[in-house]
Ligand code: AHR
């Protein structure tokens, strides 16, 4: 059998994990909000119209933060349309996704939903068609206690207490020519800085995310981050990264290696942040908010056929397969390996739209990608250990020689557990893995869950929701202070060790 080895040491630590690395995203897009989280009249609806079955799954995921309301949507959005009496809210043309927005859910309802879901709101402001003034008014409406125009308006709308939103995105993908109000790096950097100054002046407790590149292959990647940060380094806290991977070339070996690109992207953006830090002679460190990441391609062709200007169309409804779940597992491993700089990340998105949770009029179910996201978030807590991986390799068209095994080890100091997350990308062979446990030598195996399927394209559906799920695996044991296990061919694994 092929062999891999992992080296860890309790004292060699990357960073304590910021739980917000397990965040997600809900945009006014397709059936994410309407029919996804909100469906008045449905047998699943609560007294406010929120779907209880969706809420239950979101609570199970323990999502720490949800980005809202977009995405491309936010760059044409008037937040005022979504507050106040519902019957007075305008129906608007929504240009980003060519639909009609009814505004029956706005920021107040979403804040209520977030409370019910046990999560925090990460609010994006429109820097496409709007600017400093509207962003300031929105913050005033959300976070100021009382006695000013917009705080009193919120109270008039039935929200006595401020929402206290702590995390704010300064626009969305402003580098992208598809963005409403797309800007050059100079234009955006200036606007981001001026907006940031005003927002922090109003509420110094908030944190701000500036837009980085929409992916690492954007022609402006690199210079965009450097220019934007040269303008707003002192007034923002994070820079964003987005990436989606597709399978258009039908090459599984390259597809499963896409987290190599993610890894380079994170490393490059980290270096650019530190380059600007040096230019500025600054003591401040800008961290990374990977606030859109996922696999996205299944729905592409069918979305092209959708009629325009309808309400809640079935847009971006990717049905995820087993190989997508493997890549999602590897992307999570990659971000954890960079937990010293990636402090926030949002799986895009959460419900119906390129999402781990799907709904219909008759129920809600978990897609394949739900499982690595859920279990990594649930057990990947505490401190990321430096995880040295010696792995057999394979050849890819896209990335050359890559490791068959992705791995990260996390020490959960509260639960006193070491948790190993590992993906074996070898399509044909199992791989033996040994980890000398050093200071954890007296730990035993609590649980080894493995997600496997013969068919890389197997999916979960409403009719067959448990086709691809993780299952207990008997491959792991600790002998003489060393974990010995087998990672079955094409599998995602989580091994928990404790006393
Ligand atoms: O998540 C779907 C879309 O992808 C978002 O609206 C946009 O920001 C990105 O291009």
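Residue numbers (my numbering): 66 to 564.
Beta carbons are placed, not taken as given, at the ideal position from N, Cα and C, and that holds for glycine.
Delimiting residues of the beta strand (DSSP E) encompassing residue i
| i | result |
| --- | --- |
| residue 89 | 88–90 |
| residue 378 | Residue 378 -> no beta strand (DSSP E), and no H or E assigned at all. |
| residue 309 | 303–310 |
| residue 473 | 470–477 |
| residue 428 | 428–431 |
| residue 355 | 352–360 |
| residue 198 | No beta strand (DSSP E) contains residue 198, which is instead part of the alpha helix (DSSP H) from 197–208. |
| residue 185 | 185–190 |
| residue 423 | 422–425 |
Alpha-carbon to alpha-carbon, residue j and residue i
| i | j | result |
| --- | --- | --- |
| residue 174 | residue 223 | 11 Å |
| residue 228 | residue 221 | 14 Å |
| residue 239 | residue 508 | 49 Å |
| residue 559 | residue 417 | 26 Å |
| residue 202 | residue 304 | 23 Å |
| residue 384 | residue 470 | 26 Å |
| residue 494 | residue 316 | 18 Å |
| residue 147 | residue 349 | 37 Å |
| residue 387 | residue 245 | 35 Å |
| residue 113 | residue 169 | 11 Å |
| residue 355 | residue 145 | 28 Å |
| residue 268 | residue 211 | 13 Å |
| residue 542 | residue 502 | 12 Å |
| residue 103 | residue 128 | 18 Å |
| residue 419 | residue 101 | 12 Å |
| residue 505 | residue 346 | 41 Å |
| residue 258 | residue 196 | 11 Å |
| residue 396 | residue 310 | 10 Å |
| residue 450 | residue 487 | 14 Å |
| residue 288 | residue 300 | 19 Å |
| residue 181 | residue 307 | 28 Å |
| residue 431 | residue 523 | 13 Å |
| residue 159 | residue 243 | 14 Å |
| residue 511 | residue 561 | 5 Å |
| residue 205 | residue 434 | 37 Å |
| residue 325 | residue 464 | 7 Å |
| residue 328 | residue 213 | 46 Å |
| residue 270 | residue 261 | 12 Å |
| residue 445 | residue 150 | 42 Å |
| residue 516 | residue 371 | 34 Å |
| residue 425 | residue 441 | 26 Å |
Supposed contact pair residue j and residue i - C-beta distance, whole angstroms, cut 8 Å
| i | j | result |
| --- | --- | --- |
| residue 192 | residue 256 | 6 Å |
| residue 467 | residue 476 | Residue 467 to residue 476, Cβ: 27 Å. No contact. |
| residue 490 | residue 391 | 7 Å |
| residue 415 | residue 123 | 7 Å |
| residue 88 | residue 536 | Not really, about 27 Å apart at Cβ, beyond 8 Å. |
| residue 107 | residue 96 | The pair is not a contact, with the Cβ atoms about 12 Å apart (cut-off 8 Å). |
Cβ pair residue i, residue j closer than 8 Å
| i | j | result |
| --- | --- | --- |
| residue 131 | residue 184 | yes |
| residue 344 | residue 295 | yes |
| residue 165 | residue 461 | no |
| residue 236 | residue 190 | yes |
| residue 492 | residue 554 | yes |
| residue 273 | residue 233 | yes |
| residue 482 | residue 563 | yes |
| residue 140 | residue 161 | yes |
| residue 550 | residue 540 | yes |
| residue 68 | residue 496 | yes |
| residue 538 | residue 73 | no |
| residue 407 | residue 331 | yes |
| residue 285 | residue 322 | no |
| residue 318 | residue 163 | no |
| residue 428 | residue 290 | no |
Element boundaries [alpha helix (DSSP H), containing residue i]
| i | result |
| --- | --- |
| residue 340 | 324–344 |
| residue 179 | 172–182 |
| residue 97 | Neither: residue 97 is in no alpha helix (DSSP H) and is coded neither H nor E. |
| residue 117 | 117–126 |
| residue 260 | 250–267 |
| residue 272 | That residue, residue 272, is in no alpha helix (DSSP H); its beta strand (DSSP E) goes 272–275. |
| residue 526 | It is not in any alpha helix (DSSP H) - residue 526 carries neither H nor E in the DSSP assignment. |
| residue 592 | In the structure as shown, the chain starts at 66 and stops at 564, and residue 592 therefore has no counterpart that could be examined. |
| residue 461 | Taken as a continuous stretch (DSSP letters only), residue 461 belongs to no alpha helix (DSSP H), being part of the beta strand (DSSP E) at 458–461. |
Near the ligand ZN: residue i beta-carbon under 7 Å from a heavy atom
| i | result |
| --- | --- |
| residue 136 | Within the structure as shown, the ligand ZN is missing, the only ligands being the ligand AHR. |
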